[in-house]
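In what follows, a structure is listed as C-alpha cells, so that the remarks can point back to it.
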Amino acid sequence: MTRLDRYILAQLMALFGFFALVLVSVYWVNQAVRLFDRLIGDGQTAWVVLEFTALTLPNVIRLVLPVAAFAASVYALNRASQDSELVVMQATGASPWRLARPVAVFGLIVGALMVVLVNLLVPLASARLAERQAQIAENVTARFLIEGSFQHPAAGVTIYIREITELGEFRDLFLSDSRSPSHRTSYTAERALITRSETGPKLVMFDGMAQTLRTADQSLAITRFSDFTYDIGALMTGGASGPRDIDSFATLTLLRFPERVGAETGLAAREIARALHQRLAQPLLPLAVSLLGAAILMLGGYSRFGLWRQIAGAVLGLIVVQFALNAAASASRAMPEAWWLSYLPALAGLGAAAAILWLAGRPRKICAHADRAEAAA
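Mapped onto the numbering used here, the consecutive letters of the sequence shown carry residue numbers 1272 to 1648.
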C-alpha cells in the first residue's frame, strides 16, 4: 500500500471506531434497559443483568458494523472534500478507482470482523444466553416463590410460603391447584424443597396433607403424606425446553453435522442451508455499503456548498440496500431453496458502486479528449 492508501485507511479506521462505539453504545443501552426491567422484576441480581447484556453484545456489534463502516467512509470522503484534500488527490491524477482502493481494503477488514462475529462469537453467545435463560427459568425461587405473600405463578394456582431459609428450604407451604374443572386440590406441608430433574423442576413436600374437592358431587378426599413430589415445570413461563435455535450453532457445526442440527432444531435441510448462506453473505455487506457511500461522494466536482446532495444520495443508497436485504431475507425464508437471494443485496451494492465509480471517472476522460482535440487544432 502506498502512503496515500495508508493515510486514507487510517482515517477510515479511526472514524469507524468512533461510529461503531457510538452506535453499539446506543443500541446496547436500549437493550440493557429492557433486560434490566424484565430481570430485576423477576427477582434477579444486577450481576445476572450484566451477564445477559454482555451476552447480547456480539449480536449488537454484528448489526451496527455495516452502518458504522458506511458512516466512516461517507464522513471521511466528505471531510477530505471540505479540506480540499480530495481535490488535490484528483488533481494529481488519482482516479475514483484509485481512491476507492483503500476504501475496499477498509471494507474487507470490517468484513473479516464480521466473519468472526457471525460464524463464531454470535453463535457462542447465543448458545450461552439460551442456557442461562433456561437456568433462570428453572430458578423458581427467584421468579415467584416469595415468603409471606400469596403468589399466582399460573392461572388457577396459588402458592403461599411462610418462610424461606438461607438453604432454600420452605417452611409452612400452602399450594392450591384449581386448573382442572373436575376437581380442586390444596396441599399443605411443613417443609418443602425445589429439586431439578430431566423433565424439569419438582417441588418435594414433607409432612403434609392433600385435600381434593370433586366439583361434581362436592366430596372431599384427604390424603396425608410424609413426602410428596409435585411437578411445577408447567407453572413456569418458558420453562419447557423446546427446539434449539439455529443461531446458537457455530457455522462449522452447520457444515459438518447438518443432520444433528436438524434433529435439535426441527428444521429441514434446505432451511439449514439458507441460514448458512445468510451467514456467509453478511460479511460482504460492509464492503458493499462502504464502497457505495464513497463512490457516490465522488460524483460531481468541488462545490462551496459542500457535498450535501451526494451525502443524501449515499444515505438513500444505504436505505435501498437495507430494504433489499430485508426483502431478500423474507423471500428466502418463504422459499428456503432460493439461498442465492442472501447474496443479492451485497452484490447489487457492489455492482452499483462499480457503476458509479465508472461514471465518476468518465468526465475527466472526456475533458482530456477535449484538451487533446483543442491542442491538435
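By construction, the Cβ of each residue, glycine as well, lies at the ideal position given by its N, Cα and C atoms. Since the model is a prediction, treat every value here as computed from it, not as a measurement.
### Query
Should glycine 1537 go down as buried or exposed, given a rule of 16 or more other Cβ atoms within 10 Å for buried?
Exposed is the label assigned to glycine 1537, since fewer than 16 other Cβ atoms lie within 10 Å of its Cβ.
### Task
Taking valine 1319 as the reference, give the member of Arg1350, Asn1390 and Glu1402 with the closest Cα.
Ranking Arg1350, Asn1390 and Glu1402 by CA distance to the CA of valine 1319 puts Glu1402 first.
### Task
Kindly list the residues whose CB is nearer than 8 Å to the CB of isoleucine 1380, restricted to its own chain and excluding five residues on each side of it in sequence; keep chain order.
For isoleucine 1380, where only same-chain residues beyond five positions count, the Cβ hits under 8 Å are Met1284.
### Query
Whole-angstrom Cβ separation of glutamate 1440 and arginine 1462, contact assumed at under 8 Å?
Right, their Cβ atoms sit about 6 Å apart.
### Query
Where does phenylalanine 1323 land, buried or exposed, given buried means 16+ other C-beta within 10 angstroms?
Buried.
### Message
Tell me whether the region 1591-1602 and the region 1612-1621 touch, counting them as touching only if at least three CB pairs, one residue from each stretch, are closer than 8 Å.
### Response
Enough Cβ pairs lie closer than 8 Å, so yes.
#### Entry: CA-to-CA distance, glycine 1533 to alanine 1605, given in whole angstroms
For alanine 1605 and glycine 1533, the distance between alpha carbons rounds to 18 Å.
### Query
Quick check: the region 1292-1306 against the region 1345-1359, are there 3 or more CB pairs under 8 Å?
The region 1292-1306 makes no contact with the region 1345-1359; the number of CB pairs closer than 8 Å stays below 3.
### Message
What does DSSP give as the partner residue(s) for aspartate 1502 in the beta ladder?
### Response
Paired residue(s): Lys1473.
### Query
tyrosine 1346: which of Ile1567, Leu1525, Arg1633 and Trp1611 sits nearest, CA to CA?
Per the Cα distances, Ile1567.
### Message
Under DSSP, the beta strand (DSSP E) around leucine 1464 begins and ends at which residues?
### Response
It spans 1454-1466 - the beta strand (DSSP E) in which leucine 1464 sits, taken as one unbroken run.
#### Entry: Beta-carbon proximity check, proline 1394 vs serine 1519, cutoff 8 Å
Less than 8 Å divides the Cβ of proline 1394 from the Cβ of serine 1519.
### Candidates Phe1499, His1548, Tyr1431 and Ser1366, of which the one nearest alanine 1625 by Cα
Of the candidates Phe1499, His1548, Tyr1431 and Ser1366, the one whose C-alpha sits nearest the C-alpha of alanine 1625 is Ser1366.
### Query
So what's glycine 1479 in DSSP terms, helix, strand or just coil?
In this structure, glycine 1479 counts as strand in the three-state DSSP scheme.
### Query
Between the region 1549-1556 and the region 1422-1432, do at least 3 Cβ pairs fall closer than 8 Å?
At 8 Å Cβ cutoff, the stretches do not touch.
### Message
What does DSSP give as the partner residue(s) for alanine 1425 in the beta ladder?
### Response
Residue pairing for alanine 1425: DSSP places it in a beta bridge opposite Val1428.
### Message
With DSSP as the reference, identify every bridge partner of phenylalanine 1496, one or two as the case may be.
### Response
BP columns for phenylalanine 1496 point to Gly1479.
### Task
Grab me the residues of alanine 1351's own chain with a C-beta within less than 7 Å of its C-beta, minus the 5 sequence neighbours each way, in chain order.
Excluding positions up to five away in sequence, the list reads Leu1357.
#### Entry: Classification of phenylalanine 1341 by the beta-carbon crowding that lies within 10 angstroms, buried from 16 upward
Classification for phenylalanine 1341: buried.
### Query
DSSP state of isoleucine 1435, grouped into three classes?
DSSP, read as helix, strand or coil, puts isoleucine 1435 in strand.
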